[in-house]
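Participant: Counting in our numbering, the sequence shown runs from 29 upward without gaps.
C-beta: ideal position from N, C-alpha, C; glycine also.
Note that the structure is predicted; figures quoted are calculated from it, not measured.
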Amino acid sequence: MVPSGDGANLAMLDGAELGRALAAHPDDVEAALAAHERDLFAHGAEAAAEGADVFRLVARDDDAPAGLLAMFTGAAA
Numbered sequence: 029m030v031p032s033g034d035g036a037n038l039a040m041l042d043g044a045e046l047g048r049a050l051a052a053h054p055d056d057v058e059a060a061l062a063a064h065e066r067d068l069f070a071h072g073a074e075a076a077a078e079g080a081d082v083f084r085l086v087a088r089d090d091d092a093p094a095g096l097l098a099m100f101t102g103a104a105a
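(1) Between ALA75, ALA51, GLU74, ALA76, which lies nearest to HIS64 when the distance is taken from Cα to Cα?
(2) Skipping 5 residues on each side, what residues in its chain have a beta carbon closer than 8 Å to that of ASP34?
(3) Can you look up HIS53 in the DSSP assignment and give me helix, strand or coil?
(4) How close, in whole Å, do the beta carbons of LEU97 and VAL86 come, if the pair is a contact with beta carbons under 8 Å?
(5) Ends of the alpha helix (DSSP H) at LEU85?
Next up, the structure:
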């Protein structure tokens, strides 16, 4: 993951959502974990895709320096 803070933000969100899932299924930890994992994997996949886009923009595309400059100046919009 690129160093954009998404990892830390996802960890906090995942922890909060795990707490909600456990509270919703107080007598069935397996059901709570299954419910939590559905959301967890969806969030992770979305963040990974966004991270890959940023990585390509920053370092991998043939026009990476120009793409990065355009992103910071608003020209990429």
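Facilitator: According to the data block:
(1) Counted from its first residue, the sequence shown places residue 64 at position 36. For HIS64, the nearest C-alpha among the options comes from ALA51.
(2) Translated into the one-based positions of the sequence shown, residue 34 becomes position 6. Once the five neighbours on either side are set aside, the close Cβ partners of ASP34 are ALA75, GLU78, GLY79.
(3) Position 25 of the sequence shown holds residue 53. Looking at HIS53 - three-state DSSP - the assignment turns out to be coil, as it is neither helix nor strand.
(4) As a position in the sequence shown, residue 97 is number 69, starting the count at 1. As a position in the sequence shown, residue 86 is number 58, starting the count at 1. Rounded, the Cβ-Cβ distance is 11 Å, inconsistent with contact.
(5) Residue mapping note: residue 85 aligns to position 57 of the sequence shown, counting from 1. Per DSSP, LEU85 belongs to no alpha helix (DSSP H) and is neither H nor E.
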